[in-house]
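Structure first, then comments.
Protein chains: 2
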Amino acid sequence: MQTPATPAAVIHLGRMQRNIERMQSRMDALGVKFRPHVKTAKCLPVARAQRAAGAQGITVSTLKEASEFFAAGFDDILYAVGMVAPKLPQALALRRQGCRLQLLVDSADAARAIAAFGREHGERFEVLIEVDTDGHRAGVQPESDTLLEVGRALADGGCALAGVMTHAGASYELDTPEALEAMAEQERAGCVRAAERLRAAGLPCPIVSVGSTPTALSARSLAGVTEVRAGVYVFFDLVMANVGVCTLDDIALGVLTTVIGHQPDKGWAIVDAGWMAMSRDRGTGSQKHDYGYGQVCDADGRVLEGYVLSDANQEHGILSRAGAVDTGIAQKFPVGTQLRILPNHACATGAQFPEYLAVAGDGSVEAWPRFYGW
Amino acid sequence: MQTPATPAAVIHLGRMQRNIERMQSRMDALGVKFRPHVKTAKCLPVARAQRAAGAQGITVSTLKEASEFFAAGFDDILYAVGMVAPKLPQALALRRQGCRLQLLVDSADAARAIAAFGREHGERFEVLIEVDTDGHRAGVQPESDTLLEVGRALADGGCALAGVMTHAGASYELDTPEALEAMAEQERAGCVRAAERLRAAGLPCPIVSVGSTPTALSARSLAGVTEVRAGVYVFFDLVMANVGVCTLDDIALGVLTTVIGHQPDKGWAIVDAGWMAMSRDRGTGSQKHDYGYGQVCDADGRVLEGYVLSDANQEHGILSRAGAVDTGIAQKFPVGTQLRILPNHACATGAQFPEYLAVAGDGSVEAWPRFYGW
Chain X
53 MQTPATPAAV
63 IHLGRMQRNI
73 ERMQSRMDAL
83 GVKFRPHVKT
93 AKCLPVARAQ
103 RAAGAQGITV
113 STLKEASEFF
123 AAGFDDILYA
133 VGMVAPKLPQ
143 ALALRRQGCR
153 LQLLVDSADA
163 ARAIAAFGRE
173 HGERFEVLIE
183 VDTDGHRAGV
193 QPESDTLLEV
203 GRALADGGCA
213 LAGVMTHAGA
223 SYELDTPEAL
233 EAMAEQERAG
243 CVRAAERLRA
253 AGLPCPIVSV
263 GSTPTALSAR
273 SLAGVTEVRA
283 GVYVFFDLVM
293 ANVGVCTLDD
303 IALGVLTTVI
313 GHQPDKGWAI
323 VDAGWMAMSR
333 DRGTGSQKHD
343 YGYGQVCDAD
353 GRVLEGYVLS
363 DANQEHGILS
373 RAGAVDTGIA
383 QKFPVGTQLR
393 ILPNHACATG
403 AQFPEYLAVA
413 GDGSVEAWPR
423 FYGW
Chain S
53 MQTPATPAAV
63 IHLGRMQRNI
73 ERMQSRMDAL
83 GVKFRPHVKT
93 AKCLPVARAQ
103 RAAGAQGITV
113 STLKEASEFF
123 AAGFDDILYA
133 VGMVAPKLPQ
143 ALALRRQGCR
153 LQLLVDSADA
163 ARAIAAFGRE
173 HGERFEVLIE
183 VDTDGHRAGV
193 QPESDTLLEV
203 GRALADGGCA
213 LAGVMTHAGA
223 SYELDTPEAL
233 EAMAEQERAG
243 CVRAAERLRA
253 AGLPCPIVSV
263 GSTPTALSAR
273 SLAGVTEVRA
283 GVYVFFDLVM
293 ANVGVCTLDD
303 IALGVLTTVI
313 GHQPDKGWAI
323 VDAGWMAMSR
333 DRGTGSQKHD
343 YGYGQVCDAD
353 GRVLEGYVLS
363 DANQEHGILS
373 RAGAVDTGIA
383 QKFPVGTQLR
393 ILPNHACATG
403 AQFPEYLAVA
413 GDGSVEAWPR
423 FYGW
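These protein sequences, in sequence, are chains X and S. Here my numbering is used: the first residue of the first sequence is 53, the next is one more, and so on. Here my numbering is used: the first residue of the second sequence is 53, the next is one more, and so on.
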């Protein structure tokens, strides 16, 4: 590979493809549709690789993602953040252009707002109800009256009640196979239960959508589930390695950086990947292995055991040996040395870059643009 | 102000202008040039407002910033990150186009690399030596042999040894006027001492450049200093409020967000500003007042005492009353309510947005583009 300007976000294509195939083959074996969350990469070639492997439809976290991916030929899109009135004109415009955009709500107020807007504009919005199966964020309880109230507000208001969805983001806080398996079952059972209650009340519920990278890779059964969503698995990262669903050798995203100086007495090398490149994400700080701002690898991605970015300023990273002062750091990593840093959180690190350098097995490099904003 | 799509980065122009004038008048009173660091906003209209108030030249943290600002008519630019060989062709190109780009080094190796490249291409680079006055990052010690070695490598190698510069970033960790004043004096004295040692060794040192927002606002004397740099003062943020150099009412950058749901039993409102909008910066987490992911204000920027973004996912912020469960949260902040969130760290939050909405005192709004990447 040629030496590009640093810092640069590098994708190891072999690893990415392996991650994509691992997830898809798991979903195929469990007999469910897989709808990847494209918020991690926000990059068309990545989503195309997921689709080529068998993914059906995509999940987005912003209407900007919906617009960008729809313009590139992805027309089956779940917007997996609670919908509110000010965003409805944009959703309507996408549907009028032929995008099968599905919306999400977790309150009767929001459901009624969508229904009213739909009636006003003659649009039958497809809407899922968000279900809370782990207490970490949004969603209605599977056993709640609110679930049925929201369902009726949608169905009676003229929307297509498309189903239920949940995201067990609390799985990110676990780190044993047993706990992950239990969380996957909790996520499945809660979402299926919500679907059953809607159906028992005479309401439609064709879609039962669950997912997070850790639960998708840990579920033993997906009985009653129709589709699974996951995002970060495509790159993986150090948080996921601590959770236990990948190894460091699966991590497909790295930040290429150059050594720009040293403080030998402190055992520091200074590199040009600060937090602007790595992001401020310190997700491994509360996990069993704290990697600082990232795990140091050589320029080709081979892990340099024990070396981490221990601190970061905006455009300066401080590279050191974890728990020790390596006074030979300037000899080990002379000025100009290129290194690759594995990130804590691929979604946050990717977002700092206008493009990825996608590196193939033969060393050839393609620039893949990514977008940002709302 | 009309209701724009959320999340959106909003600049309160009145506060920004007041911040700019406060800093500039201080620098004028202390008799030094002021060279603002444009890495905070990466936005032309912001830098133009700084220049209009009296700033001379700019400081940048990336060569991308240098290129963008030079193309817009800023031709006196200090690149304040240690220079390495792979970036020299880009620096040369800028200088050949007429940009007075100054470079920075803190090792003899890097100095020799610049000198050799300059001789090869017939370019007399202007280079400053980075001095370490607070132990927090890069730079040579004022009393070190290395200082003189680097100076000689530059001067003997054919570079213009332009001076010394330091940045007391450790000032961010302080929070009393006395400690800040002492740090400002430590920064000044160390940098002036380095200049004196170079001059005593027969080397030129016209520029003595110091600065950080806290020290620039705390220095009592800048004797021997020729210019000051600071960046975040233009917007200020919650970290700076904790440091004690601004109040919440000085913070000019906020993230406009919309309430999208609730978990009333937990006292949560869910908003559409998650960490993708706020950034992952948790700088106040280690300060005397922890604001979570940000201080909640009404849509016009009036502080709602006690309400913070207590947690954040990628596109979801969790708004709650600090230290209490407000079970009336859904009534207080109904779905659709717009709020403004003051950020922990303006440099990190601004970087998440392709543009700012600059709001004038009369409520009129202009979209100001900002750039990113390297």
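Yeah, the Cβ is synthetic: ideal placement off N, Cα and C, and Gly gets one too. Nothing here was measured: the structure is a model prediction, and the numbers come from that model.
Minimum Cβ-Cβ distance from residue i to chain S less than 7 Å
i	result
residue 395 of chain X	no
residue 399 of chain X	yes
residue 133 of chain X	yes
residue 162 of chain X	yes
residue 388 of chain X	yes
residue 322 of chain X	yes
residue 136 of chain X	yes
Residue-chain proximity (residue i, chain X), Cβ-Cβ < 7 Å
i	result
residue 50 of chain S	Residue 50 of chain S falls outside the range modelled here, since chain S spans only 53 to 426, and no answer is possible.
residue 158 of chain S	yes
residue 190 of chain S	yes
residue 331 of chain S	yes
Strand pairing of residue i, partner residues [DSSP]
i	result
residue 97 of chain S	Looking at the DSSP assignment, residue 97 of chain S forms no beta bridge with any residue, so it has no partner.
residue 321 of chain X	X:314 and X:371
residue 349 of chain X	X:355 and X:392
residue 85 of chain X	X:279
residue 63 of chain S	S:305 and S:410
residue 344 of chain X	X:361
residue 131 of chain S	S:112
residue 417 of chain X	X:411
residue 154 of chain X	X:130 and X:178
residue 212 of chain X	X:178
Beta-carbon proximity list for residue i, same chain, < 7 Å, skipping 5 on both sides
i	result
residue 53 of chain S	Bear in mind that the predicted position of residue 53 of chain S carries a pLDDT of just 49, short of 50, making it too unreliable to give a figure here.
residue 316 of chain S	379, 381 and 382
residue 117 of chain S	90, 91 and 94
residue 205 of chain S	160, 163, 164 and 167
residue 114 of chain X	426
residue 367 of chain S	324, 326 and 328
Contact set for residue i: own chain, Cβ-Cβ below 6 Å, skip 5 residues either direction
i	result
residue 69 of chain S	none
residue 389 of chain S	311
residue 293 of chain X	300
residue 385 of chain S	311 and 321
residue 45 of chain S	There is simply no residue 45 of chain S to check, as chain S begins at 53 and stops at 426 in what is shown.
residue 97 of chain S	420
residue 295 of chain S	227 and 266
residue 60 of chain S	308 and 409
Close-in-space but distant-in-sequence residues of the same chain around residue i (CB under 8 Å, 5 per side omitted)
i	result
residue 195 of chain X	245 and 249
residue 209 of chain X	163, 164, 166, 167, 168, 170 and 171
residue 125 of chain X	none
residue 211 of chain S	163, 166, 167, 170, 176, 177, 178 and 179
residue 65 of chain S	304, 410, 411, 412 and 413
Residue i CB to nearest heavy atom of the ligand MG below 6 Å
i	result
residue 351 of chain S	As far as ligands go, the structure on display features none, and thus does not contain the ligand MG.
>> Quick check: the region 267 to 283 of chain S against the region 299 to 308 of chain S, are at least 3 beta-carbon pairs closer than 8 Å?
In response: no
>> Quick check: the region 403 to 419 of chain X against the region 73 to 84 of chain X, are at least 3 beta-carbon pairs closer than 8 Å?
In response: no
> Mind listing which residues of the region 289 to 312 of chain S have their C-beta closer than 7 Å to chain X's C-betas, in chain order?
Replying inline: 310 and 312
> What residues in the region 405 to 424 of chain X bring their beta carbon closer than 7 Å to a beta carbon of chain S?
Replying inline: 405, 406 and 424
> For the 8 Å Cβ check, are there 3 or more pairs between the region 329 to 348 of chain X and the region 344 to 360 of chain S?
Replying inline: no
> Is the number of C-beta pairs between the region 318 to 326 of chain X and the region 238 to 256 of chain X that are closer than 8 Å three or more?
Replying inline: no
> Between the region 112 to 133 of chain S and chain X, which residues of the former have CB atoms less than 7 Å from a CB of the latter, in chain order?
Replying inline: 113, 114 and 133
>> Tell me whether the region 328 to 340 of chain S and the region 153 to 167 of chain X touch, counting them as touching only if at least three CB pairs, one residue from each stretch, are closer than 8 Å.
In response: no
>> Give me the subset of the region 209 to 236 of chain S whose CB atoms are less than 8 Å from a CB atom of chain X, sorted by chain position.
In response: 221
>> Does the structure place the region 368 to 381 of chain X close enough to the region 282 to 289 of chain X that three or more beta carbon pairs sit under 8 Å?
In response: no
> Should the region 213 to 226 of chain X be called in touch with the region 383 to 397 of chain S, which here means at least 3 C-beta pairs below 8 Å?
Replying inline: no
>> Pairs of beta-carbons, one from the region 122 to 133 of chain X and one from the region 141 to 156 of chain X, closer than 8 Å: are there three or more?
In response: yes
> Any residues in the region 253 to 278 of chain X with a beta carbon nearer than 7 Å to a beta carbon of chain S? Which ones, in chain order?
Replying inline: none
> Which residues, in chain order, does the region 238 to 254 of chain S contribute to contact with chain X at a C-beta distance below 8 Å?
Replying inline: none
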